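Participant: Here it is: the structure, laid out below.
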Amino acid sequence: MLKGIHIGCLLLCIFRKEGNALRFIKEITLFAPSGTLKRFQGLETSFKVEQGKISALISESELIELQNGNKTMYSRMASTEQTVKGLNQKYTDVTGKYDAVSKQYTSLDTKVGEYKSAVDGFSGELQQLSTTINDDYSTTKSMQTYVKAQVDGLSTAVSETYVKTDTLSGYSTTEQTKSMIDQKTDQIKLDVREKIYGTNYCKNGTFETFTGWVAYAGKKPCITYLGKHVLTWFLGIQFG
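Here it is, written out as structure tokens:
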């Protein structure tokens, strides 16, 4: 059965007749290096009830192999769990592209959302990670937002990290911007800062403390604050 004609390619769908119904067998793309060679799809839904707990899971995934050997994939999942203590929800979305020539992923995007609610509070966290790789350099961008609400206060944090790495020299540049708000009935605390530094490798260290980081060309990490580091209000009186 001929499905359609596109520029530079011919798309053919093969069906098999089973009784009075037609069953899809295979999709073939002719004369198109970027056309679809194979497609795999998976769907899953589960629902479980136990004593004191109800849980559910829904997932969807797909892998596409093109005529030129490149591959694209995505995977999405949603899960929830309900108990007498509260409700937990989590959502994930992963998308990637694989290059057949370099035999590595050229891009990978990940999104995660997690929410927790209970009688005494609520929290939510959103994360997004994007990685791109080419012949000369790779870039990674990470963004995160966190919110926590309780009866006695509210806390929020937003951060963004950008890393660019030269694939030949291994030298990387990191930029991180972060803002935090902590609010209670009698005070509000603000913290906004930016960190920019270059490194060529890290050993036995952490990003937050710079322990083990070796600065490029002998330069130390540079930390700058955007505006005032901490602003606190006590009953309407401001202290810088």
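Using the working numbering, the final residue of the sequence shown is 247, and nothing's skipped along the way. Backbone N, C-alpha and C fix where the C-beta goes; we use that ideal spot for every residue, glycine too. Fair warning: this is a prediction, and the values are worked out from it, not measured in the lab.
Using DSSP with H/G/I as helix, E/B as strand and the rest coil, what is residue 75?
Facilitator: The answer is coil: DSSP assigns residue 75 none of H, G, I, E or B.
Participant: Take residue 136 as the anchor and find which of 63, 44 and 115 has the nearest alpha-carbon.
Facilitator: With distances taken between Cα atoms, residue 136 lies closest to 115.
Participant: Using the Cα positions of residue 157 and residue 127, report the straight-line distance between them to the nearest angstrom.
Facilitator: Between residue 157 and residue 127, the C-alpha separation is close to 6 Å.
Participant: Specify the secondary structure class of residue 85 as computed by DSSP and reduced to three states.
Facilitator: Three-state result, residue 85: strand.
Participant: Any idea if residue 140 is buried or exposed, counting beta-carbon neighbours within 10 angstroms, 16 or more meaning buried?
Facilitator: With 16 or more other Cβ atoms within 10 Å, it is buried.
Participant: Are the beta-carbon atoms of residue 73 and residue 44 separated by less than 7 Å?
Facilitator: Yes, Cβ-Cβ distance for residue 73 and residue 44 is below 7 Å.
Participant: Could you tell me the alpha carbon to alpha carbon distance between residue 101 and residue 123, rounded to whole angstroms?
Facilitator: Their backbone Cα atoms lie some 22 Å apart in a straight line.
Participant: Relative to the C-alpha of residue 87, which candidate in 129, 112, 109 and 61 has its C-alpha closest?
Facilitator: Checked all of 129, 112, 109 and 61; the closest Cα to residue 87 is 61.
Participant: Consult DSSP for residue 91 and reduce its assignment to one of helix, strand or coil.
Facilitator: Looking at residue 91 - three-state DSSP - the assignment turns out to be coil, as it is neither helix nor strand.
Participant: Can you round the beta-carbon distance between residue 166 and residue 183 to whole angstroms, since I take them to be within the 8 Å contact cut?
Facilitator: Yes, they are in contact, since the Cβ atoms of residue 166 and residue 183 sit about 7 Å apart, within 8 Å.
Participant: Who does residue 135 pair with in a DSSP beta bridge?
Facilitator: Per DSSP, 118 and 150.
Participant: Please name the residue, chosen from 200, 118 and 178, that lies closest to residue 84 on a Cα-to-Cα basis.
Facilitator: That would be 118, whose Cα lies nearest to the Cα of residue 84.
Participant: With 16 other CB atoms within 10 Å as the buried threshold, where does residue 214 fall?
Facilitator: At residue 214 the pLDDT is 47, less than 50, meaning the model places this residue with poor confidence; the figure from the coordinates comes in the next sentence. Exposed.
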